[in-house]
Structures are given as structure tokens and as C-alpha cells.
Amino acid sequence: MGVLSSWLARFRAPIPPIDDTLWAQAVARLPLARALDTPRARYLRVLAAHFLHTKRFHALGGAVLDDFWRLAIAMQASLPALPHGPKAFKGWTNVLVYPGQFNVRRSRHDPPTGVVTESDDTLIGEAWERGPMVLSLADVALDIEAPWDGINVIVHEMAHKLDMLARPANGVPPLPPGIDRREWIATMQQGFERLSRAADRGRETAIDPYGAEAPEEYFAVTSEMHFSQPATLREAEPAVARLLEAFYGPSPADQG
């Protein structure tokens, strides 16, 4: 460590601990956290405190954020970070929270014609590269009420944030040494193509067909299932499920 880095480290503000009563209330209300084993639950608290200390929350459109909701968001964002540590939160600062679904204006360019069209998309969550995480508070609340339905908007957006650490987002986040990059790419691509073919043919799929939009969406959608519906994911795509368990660790649904 250089002299300047050492000096800065000594004077860096300490991370405030999470109040015991608030933490106990949040764990009691969040089944995903309550299902963790003791070591992972303890580290979740460390990561959630780091998230709260380093991220700025912005309530928009009349959303009301109290200490519980900020902590609930931090805890669920920290679940995918458990094996990776605070580096999972690098590259962005702000969390924008709307009371419900929100509209985003998109510009799409058609290269062959040069035509640019604009449209409004209605979303429940979004992650911008080196920009904010955007969430619908109503959907965050719904995920807490229905934790095992295969859907979790915060986990979905955190998967994108992890993916974006390797820039650009393409479904291949920075991988730990124990996961072979070529195996990851081949396995996830094959799963994505199977889902895309089924969706194109109008078939009912165990995996949300939104995952067929792009490889990065496939990674985010299957990440949601790893945390909230792993048995269904294992049945549908066992090789994908094994890779995600190696990447994220055991699912809370299997530990509860």
C-alpha cells in the first residue's frame, strides 16, 4: 500500500453499524435473509451496512423510504454479493426508488434505414452501466410477500450490476477462479438459445420468457430463480443451476 493510500485508509470514515432492533425486524420480515445459515447471515449484515454507507437513496414520484425499506433494499442487493464482497458494489452510487412502475423513454436506431424511433417502456426495475439502480417500491414489497415465486427485482438488477463489472453487460460477469469461463459461456448460451426457441414457438416455459430478450437478461432471470425458485431452475436447466450455485453460493430457498 502506498503512503497516500495508507494515509487515506487511516482517515476513511468508519461504516456505521446497523441498529440491532432494525436488523431483527428486517430479518423477521425478509424470508430470503431469514433462511440463511448463521455465517452467511452475519456477512449479509456486513455487506448491507456497506451498501447503506456507500449508496445514496432517492425517493421519486412520491415514494416514501424509511429506514426499514432502505435496509430491505440493501439486504436483498447484498444477497448476490455474498461470495464476492464489497467489490460487487463498485462503479455506481445511486438507488432511485419510485412508488410503483415507471416509464423510460427509449431511442432505437435502425442501422439499415438510419431511422430513429422513440417509445416509452414501463418497467419495475432497471440498472444503468456506471449509473443508478432504479426500483419500483411496490414490486420490492411484493417480492418480500412472495419470496419463492421465482421473481425478485432487486436480485435481477444486482445481477446486471455484477455483469456490468466486466463491461459491457453480456451475461458473463467476472467469474471466480473455480468457474471455467468457456464452460460458463457455452452453458449459458445453450440455455439462452433453448429458451429463445421455446419462446419463439409460443411454448410455456419454466423460465420467464423475458430471459430470451438477450443473454444478459437470461443471466438476470435465472439469477432470480436461483434465489427464489432453485428447484424449478434445476429441473429446467440443471447445468445452468449448477453454475449459478457455484457463482452465488447455496440458495436461501434450499437452506430455509
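Taking our numbering, I'd label the letters of the sequence shown as residues 3 to 258.
Where is the CB? At the ideal position from N, CA and C, for every residue including glycine.
Only a predicted model underlies this, so the values are computations on that prediction, with no experimental measurement involved.
Assuming contact is defined by CB atoms lying nearer than 8 angstroms, are residue i and residue j in contact in what I supplied?
i	j	result
Ala35	Ala43	yes
Phe53	Phe91	yes
Gln231	Trp150	yes
Gln78	Ile156	yes
Glu226	Pro170	no
Ile17	Ala50	no
Pro101	Gly63	yes
Tyr250	Pro85	yes
Ile181	Leu245	yes
Met135	Ala143	no
Distance check for residue j and residue i, CA to CA, integer angstroms please.
i	j	result
Ser198	Ala161	20 angstroms
Lys89	Asp39	22 angstroms
Thr56	Val174	25 angstroms
Glu185	Arg205	27 angstroms
Glu159	Val48	20 angstroms
Asp137	Tyr45	A small correction: the amino acid at residue 137 is Leu; Asp does not occupy that position in the sequence shown. If you take the alpha carbons of Leu137 and Tyr45, they lie about 24 angstroms apart.
Ala243	Pro217	15 angstroms
Pro33	Ala255	9 angstroms
Asp202	Gln27	44 angstroms
Met166	Asn172	8 angstroms
Ala208	Ala74	28 angstroms
Leu177	Arg183	7 angstroms
Ala222	Gln103	19 angstroms
Asn96	Arg72	12 angstroms
Asn105	Ile126	9 angstroms
Pro82	Glu147	19 angstroms
Asp145	Leu139	10 angstroms
Glu195	Ala37	33 angstroms
Ala248	Thr23	33 angstroms
Pro240	Gln191	14 angstroms
Taking DSSP as the reference, what is the three-state secondary structure of residue i?
i	result
Val106	strand
His86	coil
Asp123	strand
Ala61	strand
Glu247	helix
Leu81	helix
Ala255	helix
Glu128	strand
So, is residue i buried or exposed, given that buried needs 16 or more other C-beta atoms within 10 angstroms?
i	result
Asp210	buried
Phe70	exposed
Glu219	buried
Leu164	buried
Val66	exposed
Asp141	buried
Gly193	buried
Thr224	buried
Gly87	exposed
Gly213	buried
Ala233	exposed
Ala168	exposed
Glu237	exposed
Ile188	Rather than Ile, the amino acid found at residue 188 in this sequence is Ala. By the neighbour-count rule (16 or more Cβ atoms within 10 Å), Ala188 is not buried but exposed.
His111	With a pLDDT of only 47 at His111, under the threshold of 50, the placement of this residue in the model should not be trusted; the figure read from the coordinates follows. It is exposed - the Cβ of His111 has fewer than 16 other Cβ atoms within 10 Å.
Asp123	exposed
Margin query: Please give the ranges of any alpha helix (DSSP H) in the stretch 12-59, keeping only runs that are unbroken, at least 4 residues long and fully inside the region.
Written below: 22-31, 33-36 and 40-56
Notebook entry, point to check: At which residue ranges does the stretch 137-214 contain complete beta strand (DSSP E) runs of 3 or more residues, listed in the order of the chain?
Noted result: none
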